[in-house]
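Notes follow the structure.
So, in structure tokens, the structure goes:
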């Protein structure tokens, strides 16, 4: 069974031959491959042939990562492109080099996420003083995304991962009632629009999602990432309550991947796998990304556990 097929089965709440795996980002490319994705300076070139070379180089690195770590999904993320045409061409090149082995996904979120410190104050005032303008802006962003999506899908994309973060470890950055006003209607349109085009949709958000989880589920994505244990999200609870409604993705504790003992890392892997795996509809991953600075040993340990315990 191809990795792509495993992803599709899991996202449609079926059971593949093994539990699939992928990560949103692999930031340890130098450590594992001695290579990095292209840089903004490299993209200053006007040479068409050089730009094509950069696209091919990045595509090969994406595929090498996916092959080495048994990814079912390649998330076209973390790469620099100088314009939209280059971005779309990058998808086309990635599809050509991958040959359809993996599910290809890219960013697709337009909804409000947690702003930075300075932006938070501005957003609070704007939501209060200019509600109608905010709603109009959010609608316009959804409309633009859905208008552009067919071009990305035609280039070879299979779906979208919606990466606006909504929650701190203590809970959502908006109250559930404000979330229902400013986010849920637009997320629902976005998900429905992408799905109507035949795309697969994964919603990502870190943090304590429980106060808004029902609203997220109501919008209908195929999958939910990251089930953040650092915020107290319990995959056993989520699986029991909602495992028949949405594919669960993640829950391996990233804090432990950074500073935990081998035993703590393996216990987090075991808990996520044993509670997510039964009956299908689960993709094994960390609760964020394989970030720069994470000890390589931690991910190696996680992968050893995964390969020993993934079979159904």
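Residue numbers (our numbering): 290 to 601.
Ideal placement from N, C-alpha and C gives every residue a C-beta, glycine not left out.
Whole-Å CB distance - residue i paired with residue j, under 8 Å assumed
i: residue 524; j: residue 561; result: 6 Å
i: residue 578; j: residue 314; result: 4 Å
i: residue 325; j: residue 318; result: 5 Å
i: residue 587; j: residue 312; result: Residue 587 to residue 312, Cβ: 13 Å. No contact.
i: residue 446; j: residue 380; result: 5 Å
i: residue 433; j: residue 361; result: In fact, because the Cβ distance is near 29 Å, the residues do not count as touching under 8 Å.
i: residue 540; j: residue 565; result: 7 Å
Residue i (DSSP reduced to helix, strand or coil)
i: residue 382; result: helix
i: residue 537; result: strand
i: residue 302; result: coil
i: residue 343; result: helix
i: residue 515; result: strand
i: residue 311; result: coil
i: residue 594; result: helix
i: residue 448; result: strand
i: residue 510; result: coil
i: residue 455; result: coil
i: residue 474; result: helix
i: residue 582; result: coil
i: residue 363; result: strand
i: residue 573; result: strand
i: residue 392; result: strand
i: residue 241; result: This structure cannot speak to residue 241, because the chain is shown only from 290 to 601.
i: residue 328; result: coil
i: residue 232; result: The requested residue 232 does not occur in the structure, where the chain is confined to residues 290 to 601.
i: residue 358; result: coil
i: residue 522; result: coil
i: residue 336; result: coil
i: residue 368; result: coil
i: residue 316; result: coil
i: residue 467; result: helix
i: residue 291; result: coil
i: residue 548; result: helix
i: residue 621; result: No answer is possible for residue 621: the residues shown for the chain start at 290 and end at 601.
i: residue 532; result: coil
In DSSP terms, what residue i is bridged to
i: residue 600; result: 307
i: residue 490; result: 449
i: residue 461; result: 456
Touch test, the segment 437-452 against the segment 397-404, Cβ-Cβ under 8 Å, three pairs minimum | Yes, the segment 437-452 is in contact with the segment 397-404.
Ordered list of alpha helix (DSSP H) runs contained in the segment 395-433, each at least 4 residues = Listed in chain order, they are 406-418.
Assess, as a yes-or-no matter, whether the segment 410-429 is touched by the segment 487-499 under the definition of 3 or more beta carbon pairs within less than 8 Å.
-> With a cut-off of 8 Å, the segment 410-429 and the segment 487-499 do not count as touching, because too few Cβ pairs lie within range.
Are three or more beta carbon pairs between the segment 524-544 and the segment 478-487 nearer than 8 Å?
-> In short, these stretches do not touch, since the Cβ pair count stays below three.
Give a yes or no on contact between the segment 436-450 and the segment 459-472, applying the rule of three or more CB pairs nearer than 8 Å.
-> As far as the Cβ criterion goes, the segment 436-450 does not touch the segment 459-472, which means the pair count is below three.
If we count Cβ pairs, one from each stretch, closer than 8 Å, do we get three or more for the segment 336-354 versus the segment 378-386?
-> Taking a cut-off of 8 Å on C-beta distances, the segment 336-354 touches the segment 378-386, as three or more cross pairs fall below it.
Between the segment 370-383 and the segment 301-310, do three or more beta carbon pairs fall short of 8 Å?
-> Three or more beta-carbon pairs separated by less than 8 Å are not found between the segment 370-383 and the segment 301-310, which leaves the two stretches without contact.
Does the segment 349-364 come close enough to the segment 419-436 that 3 or more CB-CB pairs lie under 8 Å?
-> No, the segment 419-436 does not touch the segment 349-364.
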